[in-house]
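Following this note's numbering, the numbering of the sequence shown begins with 334 at its first residue and continues without gaps.
Think of the CB as a built atom: it goes at the ideal place given N, C-alpha and C, for glycine as much as any other residue.
These numbers come from a predicted model, not from an experiment.
Below is one structure; the comments refer to it alone.
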Amino acid sequence: MLPDFIGIGAPRCGTTWIYEMLKQHPHVFMSPEKEINFFNNSFDKGIEWYKKFFLNGSERAIVGEFSPLYLANEIVPQRIKQVLPNVKLIVSLRNPIEQALSRYRYMVMRQMYNKTFEEALKEQLHILNEALYYQHLEQYLKYFEKSQMLILVYEDLEKDPHNFLMNIYDFLGLDNSFMPSNINEKIHITRTPRVKSFERTIVLTRMLLRKLGLSSFAEMVKKTGIVDKIKKLNTADERLSGDVGSDTRTQLNRIFAKDKAKLSELLGRDLSFWK
């Protein structure tokens with residue numbers, strides 16, 4: 334069994350929330366692990382390896398997975414088309430400046446980076462690249478019909494989670510009478526760890542379990558709530574600091590202007606509130 338739909342991005346744009354909501358629907362089977370990253374990092378392992386993530390999906394109506402890094406990887410659209418020509422694709426996007434800032438904060442939280450946001454923009458070029466949404470969607474539209482894609486705006490989720498989820502249900506042809514109990518809950522908020530080295534240990538342990546083929550065990554442990562409790566204990570009272578200075582914001586608006594204009598035309602929607 335292979336996916337009927339794939340969430341392809343973008344990172345830090347509500348994809349974990351979408352994944353968790355769809356995971357609860359009685360007619361959906363989501364891969365136990367959110368970010369399989371098959372089409373970008375593990376394609377050489379073959380389709381049979383990929384199928385293992387969906388072995389228990391036969392009892393559900395539709396099957397899906399979410400790997401947000403797919404969007405900005407130029408080789409992924411062709412690979413997905415090769416394996417799943419009729420698949421439906423879900424994309425969630427947000428103000429590119431806020432997306433870049435959120436990506437930076439996430440890297441700091443995970444001890445992947447320890448410099449300023451401005452330095453990150455110069456040294457971690459993927460932060461800017463991931464937010465050039467139209468550029469990446471254009472690659473997908475070379476292989477897929479626009480009707481196969483649902484392009485969502487994260488700010489709509491913040492305003493009205495119910496309507497946001499209904500749009501996804503309609504796109505996937507799901508019964509919209511089911512409503513998750515935690516639909517108004519914010520998921521995957523960027524935290525400030527009390528002990529960053531301990532946070533890094535959690536991340537590395539999860540990566541090791543996956544590398545050893547123990548993703549199902551990691552998921553089982555996660556379901557017990559132990560990991561969430563540990564993370565809560567290791568969360569400081571304050572949120573991660575760091576905002577975008579006015580000069581930096583002006584510069585970023587210039588960088589994203591052309592891409593944003595093309596995206597606005599593609600969506601048929603005014604995106605001037607992204608500033």
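- When the beta-carbon positions are compared, F387 and M445 stay at least 7 Å from each other.
- L458 is classed as exposed because its beta carbon has fewer than 16 other beta carbons within 10 Å across all chains shown.
- The beta carbon of I516 sits closer than 6 Å to those of P494, all from its chain and outside the five residues before and after it, given in chain order.
- By the beta-carbon neighbour count (other beta carbons within 10 angstroms, threshold 16), N428 is buried.
- For K421, the enclosing beta strand (DSSP E) covers residues 421 to 426.
- Just so you know, the alpha carbons of V486 and V424 end up roughly 8 Å apart.
- For E381, the secondary structure class from DSSP, reduced to helix, strand or coil, is helix.
- Less than 7 Å separates the beta-carbon of P410 from that of Y476.
- In this model, K455 and E366 are separated by some 32 Å (Cα to Cα).
- In this structure, F497 places its C-beta atom within 7 Å of the C-beta atom of D489.
- Look at the stretch 349 to 373 and you find these whole runs of beta strand (DSSP E), each 3 residues long or longer: 361 to 363.
- Annotation for V577: no beta strand (DSSP E) segment contains it, and DSSP assigns it neither H nor E.
- For F338, DSSP records a beta bridge to G397, K421.
- Excluding sequence positions up to five before and after I520, its CB lies within less than 6 Å of the CB of T349, W350, E353, all in the same chain and listed in chain order.
- Take the alpha-carbon of E451 and the one of E407: they are about 26 Å apart.
- Judged by their CB atoms, K414 and F338 are not nearer to each other than the 7 Å cut-off.
- Cβ-Cβ distances below 7 Å link D592 to L465, Y466, Y467, Q468 in the same chain, with the five nearest sequence neighbours on each side left out; the list follows chain order.
- Taking a contact as a CB-CB distance under 8 Å, the pair S364 and E398 counts as one, their CB atoms being some 4 Å apart.
- Counting C-beta atoms within 10 angstroms of its own C-beta, S400 has 16 or more neighbours from the protein chains shown and is therefore classed as buried.
- Inter-residue distance for T538 and Y383 is about 22 Å (C-alpha atoms, whole angstroms).
- For L483, the secondary structure class from DSSP, reduced to helix, strand or coil, is strand.
- Annotation for E407: no alpha helix (DSSP H) segment contains it, and DSSP assigns it neither H nor E.
- The C-alpha of T449 is placed about 16 Å away from the C-alpha of Q584.
- The alpha-carbon of L355 is positioned some 20 Å away from that of F371.
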